[in-house]
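J.: This is the structure I have questions about; it appears just below.
Printed below as a string of structure tokens:
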């Protein structure tokens, strides 16, 4: 076990911000702790201060309204999964939340913590990228709204400054009818990190938004493929053109979970099946995301 | 060292802890509760599962100091002086061999049955997906939960 740290459990936002101002990058924010506890125990991180924000006022809240979705920093994946309006109206977000590890992790882990940890396989990213989410931060010197497309910088690096706290993430409700799906390939169902993940948001205007995770240093939208298929009727020819672009969109590595070649191949399969599945969902057919890839 | 006060199996307990000590270590080494097991020690295996305010968590990923004033439930608190019907079903159907994963499995199943008393096989599999068992191949575990929940009167 690694060395100790000062533990703080502030009740007010102002206390969090003054602690962050004081400790800067020597402080770590603790919400669910499902990543941070591992990093500290395994000696990957050695914070001087751990600031537990679970009891801090002003960070609660999962709000789904006509305007859109707001996910406060204390919102766990279990809360997202249990929220009826998320399940009903935001299938992509629900799939992403539901595919995180297992119940015992989802009860604790937060979506905001997931994007702050920013490992390449993070399940929360595809939904936020497809919905063009905004990350709301605050520090002693002011607040910022950071576009999710500017958020991820490198594996485990984000646009967050050392003295900033993420208050929450939000995105607007799409103006037209839409549906979505998140496909995650793990080595087995439940508990595994993604070997590859693909989120798809489909709108009434026949716009497809596609976001991959776990197949590059940061999760990313597949804009070339989006451009290619936008407004078009999906047929075998178009799908094969889209598949051919996958290698330009993603840059997977070989690691313990799978090889680069396998990931490239499976991304093509996921693209094809994902597009078909999202169209079926849009037409009202019940599709269980976990079964689209079999297994 | 900081003084921590929390409820463990409905009993008010106070204990001195270092901030870096996990709930698992404090439960086992300072409070004498041995059903939460240390398997992987990184949140993957589920052997250390306990309930915090009724929700299952990995006690190896929680610093004890986070739990001030909270209700912690271990398997000792679930069974009390007598095995529960679910535990009896596990014995009846040989749902464990080495038994190391069993406390975590029962904790997880207890949480599931709390809000879904009659889960389908798929729902049980989904709920238990974070509890690794290296002996049984899972089938007898799922059978025991199903047998328990489909018994008359349930």
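Residue numbers (the numbering used here), protein chains in the order written: chain G, 24 to 318; chain F, 29 to 182.
Cβ coordinates follow ideal geometry from the N, Cα and C atoms, glycine included.
As the structure is a prediction and not an experimental result, all values here were calculated from the model.
Contact between the region 151–161 of chain G and the region 227–236 of chain G is defined here as three or more beta-carbon pairs at a separation below 8 Å; is this criterion met?
T.: Short answer: they touch.
J.: Whose CA, out of G:67, G:317 and G:75, lies closest to the CA of residue 31 (chain G)?
T.: If we check each option's Cα against that of residue 31 (chain G), G:75 comes out closest.
J.: Taking just the CA atoms, how far does residue 61 (chain F) sit from residue 86 (chain G)?
T.: Rounded to whole angstroms, residue 86 (chain G) to residue 61 (chain F) spans 39 Å at the Cα level.
J.: Does the beta carbon of residue 125 (chain G) sit closer than 8 Å to a beta carbon anywhere in chain F?
T.: Yes - at least one Cβ of chain F is within 8 Å of the one on residue 125 (chain G).
J.: Tell me, which residues are paired with residue 154 (chain G) by DSSP?
T.: Beta-bridge pairing links residue 154 (chain G) to no other residue.
J.: With distances taken from CA atoms, which of G:92, G:146, G:46 and G:276 is nearest residue 197 (chain G)?
T.: Closest option to residue 197 (chain G), Cα to Cα, is G:92.
J.: Determine, using beta carbons only, whether residue 110 (chain F) comes closer than 8 Å to chain G.
T.: Not an interface residue.
J.: Does the Cβ of residue 202 (chain G) have 16 or more other Cβ atoms within 10 Å, making it buried, or fewer, making it exposed?
T.: With 16 or more other Cβ atoms within 10 Å, it is buried.
J.: Report buried or exposed for residue 67 (chain G), applying the criterion of at least 16 other Cβ atoms within 10 angstroms of its Cβ.
T.: The residue in question, residue 67 (chain G), is exposed, as its Cβ has fewer than 16 Cβ neighbours within 10 Å.
J.: Is it a yes or a no for the region 281–300 of chain G touching the region 259–270 of chain G, going by three-plus beta-carbon pairs under 8 Å?
T.: Enough Cβ pairs lie closer than 8 Å, so yes.
J.: Which residues in chain F have a C-beta closer than 8 Å to the C-beta of residue 57 (chain G)? List them in chain order.
T.: Near residue 57 (chain G) (Cβ distances below 8 Å), the residues of chain F are 71, 86 and 89.
J.: Please report how far the alpha carbon of residue 224 (chain G) lies from the alpha carbon of residue 114 (chain G), in whole angstroms.
T.: Approximately 9 Å between the Cα atoms of the pair.
J.: Would you grab the beta carbon distance between residue 184 (chain G) and residue 162 (chain G) for me? Rounded to a whole angstrom, and I think it's under 8 Å.
T.: So it is a contact: roughly 7 Å between Cβ atoms.
J.: Helix or strand or just coil, what does DSSP make of residue 155 (chain F)?
T.: Here residue 155 (chain F) sits in helix by DSSP.
J.: Which residue or residues does DSSP assign as beta-bridge partners of residue 15 (chain G)?
T.: The displayed coordinates of chain G run from 24 to 318. Any statement about residue 15 (chain G) would go beyond what the structure contains.
J.: Does any residue of chain F have a CB that is nearer than 8 Å to the CB of residue 34 (chain G)?
T.: Residue 34 (chain G) does not count as touching chain F.
J.: Give me the Cα-Cα distance between residue 176 (chain F) and residue 282 (chain G), rounded to the nearest whole angstrom.
T.: So the alpha carbons of these two residues sit roughly 43 Å apart.
J.: Return the first residue and the last residue of the alpha helix (DSSP H) that residue 120 (chain G) is part of.
T.: First-last of the alpha helix (DSSP H) with residue 120 (chain G): 114–121.
J.: What residues in the region 33–56 of chain F have a beta carbon less than 9 Å from any beta carbon of chain G?
T.: The residues in question are 46, 47, 48, 49, 50 and 53.
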